[in-house]
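Okay, so the sequence shown: first residue is 1 according to this note's numbering, each after it adds one.
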Amino acid sequence: MPPVGTSTPHAPSVARTCAAILNLLLPHRRATDPDLPAPVEAFPGQLRQLADFVTAGDQIVFTLPGFPCKSPSPTKVLGHLPDEGERLSLGFLNSLCAAVAQVYPPGASMVICSDGHIFGDLIHVPDQHIDAYADELAAMIRRERLHRLSVFDLREVLGELPYDEKRARVHAQYAPTVEELRAEVRVDEATLALYRGITRFLTEDTVGFEGSRSALQRDCRARAYGVIQRSRAWGDLIAEHHTRSVRLSIHPQPRGAAKFGIRLLDARDAWTTPWHSTVVHRADGGWELMHRSEAERLGRIVLRHGRPSHVESA
């Protein structure tokens, strides 16, 4: 309900406000179709989600699945804890919420739905590393005073149960079948792109595999379906726990998708994230994500709080 003494906005005013908020997101859109025009009218689902908040005069809540854990590949990342890539990304997301308040006074907040435990067994990252990553992420938010952000993970849902049991419960309750996903991959370009992208990540991130290259490919293709199953399950669980939200994604999304793809930092590959890479501070003052093996050729590793943080280019 609107606060006492205020009135419900008229429909044209709601539409203008929603368009203004979406225009703040559009410059940072992560798209599977970047060459197509993307006016606000191309995102009716997001406009409806925004209108639900704006009509009521409520603070907007964004939900963003992501920030799971660092890649296990030492050729990509500097360690298993959040670093400058996460710090800059969280700061950007907080500033995006602050910008919303300039066009819509109730403002916005964002729930970072850290999804590492959902598929930690599939990506071969120990649960203790995922816990440490999520705890440091929350500490970083407090340290940087990013008051518009919060973290939500499996511990919020299923408490202290063993992680294998948590994963099994979520999978059983929410995940689509592999057969359903295979059928979707055959007919839907976005799902096919997601499947290929995850397969590539798993292939790059697998450390110590002793079989042949073709055996590794088969293993990663099978695990990719598992990751998509769990990701879909996590999305449904988030929707159940955060029934009113504007749904964002760190994966590239087409126009009109249920989620709006958001870019965190500059990278040459639209699929690159801070947790799959190392951030480089360029000589021109900008920041760019790339694999550690490439970043280290450009400069020196800088420490923050006694840990590797980023690479400063020469």
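Glycine is no exception: its CB is placed at the ideal position from the N, C-alpha and C atoms.
Contact under 8 Å by Cβ, residue i with residue j
| i | j | result |
| --- | --- | --- |
| GLN253 | ALA15 | no |
| LEU88 | VAL279 | yes |
| SER277 | GLY45 | no |
| ALA134 | VAL111 | no |
| THR75 | ARG244 | no |
| ALA224 | THR191 | no |
| GLN59 | GLY107 | yes |
| VAL246 | PHE62 | yes |
| CYS69 | ILE238 | no |
| PHE209 | ARG29 | no |
| SER71 | ASP205 | yes |
| ALA38 | ARG255 | yes |
| ASP322 | PRO308 | The question about residue 322 has no answer here: the residues shown for the chain are numbered 1 through 314. |
| HIS171 | ARG230 | yes |
Presumed contact (8 Å Cβ cut-off) between residue i and residue j, rounded CB distance
| i | j | result |
| --- | --- | --- |
| ASP115 | TRP234 | 5 Å |
| LEU64 | CYS18 | Contact flag wrong, Cβ pair sits at about 19 Å. |
| ARG317 | GLU312 | Residue 317 lies beyond the range of the chain shown here (1 to 314); nothing can be said about it. |
| ALA99 | LEU24 | 5 Å |
| ARG221 | ALA175 | Contact flag wrong, Cβ pair sits at about 17 Å. |
| ASN94 | LEU158 | Not really, about 28 Å apart at Cβ, beyond 8 Å. |
| VAL207 | SER73 | 6 Å |
| LEU137 | PHE67 | 6 Å |
Three-way DSSP call (helix, strand, coil) for residue i in this model
| i | result |
| --- | --- |
| GLN59 | coil |
| PRO308 | strand |
| PHE209 | coil |
| LEU248 | strand |
| MET1 | The pLDDT assigned to MET1 is 42, lower than 50, so where the model puts this residue is not dependable; a value taken from the coordinates is nonetheless given after this. In the structure shown, MET1 sits in coil (DSSP, three-state: anything other than H, G, I, E or B). |
| GLU160 | coil |
| PRO44 | helix |
| THR6 | A caution first: THR6 carries a pLDDT of 46, below 50, which makes its placement in the model too unreliable to give a value. |
| LEU64 | strand |
| ALA38 | coil |
| GLY79 | coil |
| ARG30 | coil |
| GLY235 | helix |
| TRP271 | coil |
| ARG255 | coil |
| LEU298 | coil |
| SER313 | strand |
| LEU289 | strand |
| LEU303 | strand |
| LYS166 | helix |
| ASP284 | coil |
Residue i: first and last residue of the uninterrupted alpha helix (DSSP H) it sits in
| i | result |
| --- | --- |
| LEU96 | 84 to 103 |
| PHE201 | 189 to 205 |
| SER13 | 11 to 25 |
| GLU136 | 127 to 143 |
| LEU122 | 120 to 123 |
Distance, residue j Cα to residue i Cα
| i | j | result |
| --- | --- | --- |
| ALA270 | ARG263 | 8 Å |
| PRO274 | LEU265 | 8 Å |
| VAL54 | GLN102 | 14 Å |
| LEU323 | GLN217 | It is not possible to answer for residue 323, since the shown part of the chain is limited to 1 through 314. |
| LYS166 | LEU154 | 8 Å |
| ILE257 | ALA193 | The identity of residue 257 in the sequence shown is Ala, whereas the question assumes Ile. C-alpha separation (whole angstroms): 14 Å. |
| ALA283 | VAL185 | 42 Å |
| ASP236 | HIS117 | 15 Å |
| ARG304 | HIS80 | 14 Å |
| HIS310 | LEU78 | 8 Å |
| PRO12 | HIS129 | 49 Å |
| LEU90 | ARG182 | 34 Å |
| LEU298 | ARG48 | 45 Å |
| ALA215 | LEU202 | 13 Å |
| ILE377 | PRO126 | Outside the displayed range of the chain (1 to 314) lies residue 377, so it cannot be described from this structure. |
| ARG143 | SER212 | 46 Å |
| ALA314 | GLY286 | 13 Å |
| PHE119 | GLY226 | 8 Å |
| VAL302 | PHE92 | 21 Å |
| LEU248 | ASP35 | 20 Å |
| GLU294 | ARG196 | 23 Å |
| HIS251 | PRO27 | 16 Å |
| VAL4 | PRO105 | Confidence at VAL4 is low in this model, with a pLDDT of 43, below 50, so its placement is unreliable and the value that follows should be read with caution. Their backbone Cα atoms lie some 16 Å apart in a straight line. |
| TYR163 | ARG169 | 10 Å |
| ALA56 | ASP33 | 33 Å |
| HIS241 | GLU156 | 10 Å |
For residue i, the first and last residue of its enclosing beta strand (DSSP E)
| i | result |
| --- | --- |
| HIS281 | 278 to 281 |
| GLU294 | Segment 292 to 295 is the alpha helix (DSSP H) holding GLU294; no beta strand (DSSP E) there. |
| ILE262 | Where ILE262 is concerned, there is no enclosing beta strand (DSSP E), given that its DSSP letter is neither H nor E. |
| ILE112 | 108 to 114 |
| LEU149 | 149 to 152 |
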